[in-house]
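Here is the structure we will look at, set down as structure tokens.
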């Protein structure tokens, strides 16, 4: 199942979001060694995890975090605009219908085949959510490890500038175009995954 959360909470908040922040810490801090904030030595939570953030979260049959991605409005502070603007050769894409994708996280508990399924499910949900909300473009930052995966998903994307070395990895910024044909492009690429999408409250209850 896919759950959509609007606004960041941890600790006493949703168990699903708690699991997401824990897995983010395991991946980005413990495994990749990112120098990012950690709350209570457990949760990876940065300055962009606020009431304006939107989370697309895949959960397993036990209701645990399986994978997720964060959407940030480009008209507010976001990673590309505030931390890595040099990755854009021109103006940073910004506007009411442009959001940033960041903190893509797949649970380290899963094996490779399951991670691929979850990645495709989260991508599909991101596209469907964008069409529902009138989002026309996503920006994102990808290192060499993620770039090939993003390109293989089937949607239309293009670089915003030449890649640069960040923390020892070739890293670039991309813009992804979203329109009514995008779901069919994912189907052609074999990455579209029909699933149930629930808009959840911050405390984990499904919205009516």
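Numbering (our numbering), first residue to last: 47 to 254.
C-beta atoms are modelled at their ideal positions from N, C-alpha and C, and glycine is treated no differently.
Just so you know, these numbers come straight off a predicted model, no measurement behind them.
Could you tell me the alpha carbon to alpha carbon distance between residue i and residue j, rounded to whole angstroms?
i	j	result
residue 192	residue 141	25 Å
residue 48	residue 230	20 Å
residue 161	residue 150	12 Å
residue 134	residue 239	32 Å
residue 130	residue 67	22 Å
residue 96	residue 168	21 Å
residue 104	residue 164	7 Å
residue 214	residue 80	12 Å
residue 186	residue 245	23 Å
residue 115	residue 166	12 Å
Alpha carbons only, please: which of the options is nearest the one belonging to residue i?
i	options	result
residue 255	174, 211, 245	Residue 255 lies beyond the residue range present for the chain, which begins at 47 and ends at 254; the question has no answer from this structure.
residue 208	201, 216, 202	216
residue 200	187, 124, 228	228
residue 124	111, 110, 153, 100	100
residue 88	235, 94, 74, 120	74
residue 205	198, 195, 181, 222	222
residue 85	156, 71, 122	71
residue 54	76, 93, 82, 78	93
residue 108	62, 219, 235	62
residue 121	145, 114, 102, 112	145
residue 78	203, 219, 181, 189	189
Span of the beta strand (DSSP E) holding residue i?
i	result
residue 318	The first residue shown for the chain is 47 and the last is 254, placing residue 318 beyond what the model contains.
residue 69	Residue 69 -> not in any beta strand (DSSP E); alpha helix (DSSP H) instead, spanning 61-70.
residue 147	144-152
residue 205	202-205
residue 51	48-52
residue 239	Unbroken run through residue 239: none, as it is neither H nor E.
residue 55	Here residue 55 belongs to no beta strand (DSSP E), and DSSP marks it neither H nor E.
residue 244	243-245
residue 182	Segment: none, residue 182 is in no beta strand (DSSP E) and carries neither H nor E.
Just to confirm the assignment, what range does the alpha helix (DSSP H) spanning residue i have?
i	result
residue 171	158-179
residue 235	228-235
residue 196	190-198
What residues match up with residue i in a beta bridge as DSSP calls it?
i	result
residue 134	Its beta-bridge partners do not exist; DSSP assigns none.
residue 73	According to DSSP, which records beta bridges pairwise, residue 73 is partnered with nothing at all.
Every unbroken beta strand (DSSP E) within the segment 89-136, with a cutoff of 3 residues, ordered by chain:
100-105, 111-119
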